[in-house]
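Trainee:
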Amino acid sequence: MNLLGTIHYSALFAAAYLVFLVLLAANVSRLRIQHKVSLGEGGNRDLRHAIRAHANSVEHGAPFMAALLVADLVKVSDPWILWLGVAFGAARVLHAAGMFDVGFNFRRVGAGLTLVVELALAEVIVGGV
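Taking our numbering, the leading residue of the sequence shown gets 4, the next gets one more, and so forth.
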């Protein structure tokens, strides 16, 4: 049995999300070096926001990717997996961008969209779409 043939979309999104997490972690490292802070955030607002952007992405990413794998394994239709994966990625990018004061409150939009996509994924798994 070719398991990768079964889980190709969730594997693709997991790989892409790992790259996103590495970029967020690299940003934390960059700020730690820049501000000479080894542990914690050293009272630095930018570093605190970078740490939270990374941590929040891990907190939501791990369960979502596990659920996306379940969706692939229970044969949820490919369009659902694709749309939910893309929407989740967009939501997490918006949330992370919003942590860095880019003007519009992307953090709030990203957080809300994340929750909607997570609930939609739960529904399609249970509903077997």
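Glycine included, C-beta positions come from ideal geometry on N, C-alpha and C. For clarity, every value in this text was computed on a predicted model and none was experimentally measured.
Quick one, which of Ala14, Val119, Ala69, Asp49 has its alpha-carbon nearest leucine 27's?
Mentor: Comparing Cα positions, the closest option is Asp49.
Trainee: Pick from Arg51, Val25, Val129, Ala125: whose alpha carbon is nearest that of leucine 34?
Mentor: Cα-wise, what sits closest to leucine 34 is Arg51.
Trainee: Output the distance between the C-alpha atoms of leucine 21 and arginine 95, rounded to the nearest integer angstrom.
Mentor: Distance between the alpha carbons of leucine 21 and arginine 95: 12 Å.
Trainee: Could you name the residues of the same chain whose beta carbon sits closer than 7 Å to that of valine 129, not counting the 5 residues immediately before and after it, in chain order?
Mentor: So the list is empty, once near-sequence residues are dropped.
Trainee: Please say whether alanine 19 and glycine 113 have beta carbons closer to each other than 8 Å?
Mentor: Result no, Cβ atoms of glycine 113 and alanine 19 do not sit closer than 8 Å.
Trainee: Valine 77 to leucine 71, Cα distance in whole Å?
Mentor: If I take the Cα positions, the gap works out to 10 Å.
Trainee: Enumerated in chain order, which unbroken segments of the alpha helix (DSSP H) with a length of 4 residues or greater are wholly contained in the stretch 10–79?
Mentor: Complete alpha helix (DSSP H) runs here, min 4: 11–38, 48–76.
Trainee: So, with DSSP's three-state summary, where would you put aspartate 104?
Mentor: The answer is coil: DSSP assigns aspartate 104 none of H, G, I, E or B.
Trainee: Count the other CB atoms within 10 Å of the CB of phenylalanine 16; is the residue buried (16 or more) or exposed (fewer)?
Mentor: Per the 10 Å Cβ criterion, buried.
Trainee: Going by Cα to Cα distance, which pick from Ile54, Asn30, Pro82, Ala53 is closest to tyrosine 12?
Mentor: Ranking Ile54, Asn30, Pro82, Ala53 by Cα distance to tyrosine 12 puts Pro82 first.
Trainee: Taking just the CA atoms, how far does alanine 65 sit from leucine 122?
Mentor: Their backbone Cα atoms lie some 15 Å apart in a straight line.
Trainee: Below 8 Å on the Cβ atoms is my guess for serine 60 versus alanine 14; work out the distance and round it to an integer in Å.
Mentor: Not really, about 19 Å apart at Cβ, beyond 8 Å.
Trainee: Quick one: what's got a C-beta closer than 7 Å to histidine 38's C-beta in the same chain, skipping five residues either side?
Mentor: So the list reads Gly45, Asn47, Leu50, once near-sequence residues are dropped.
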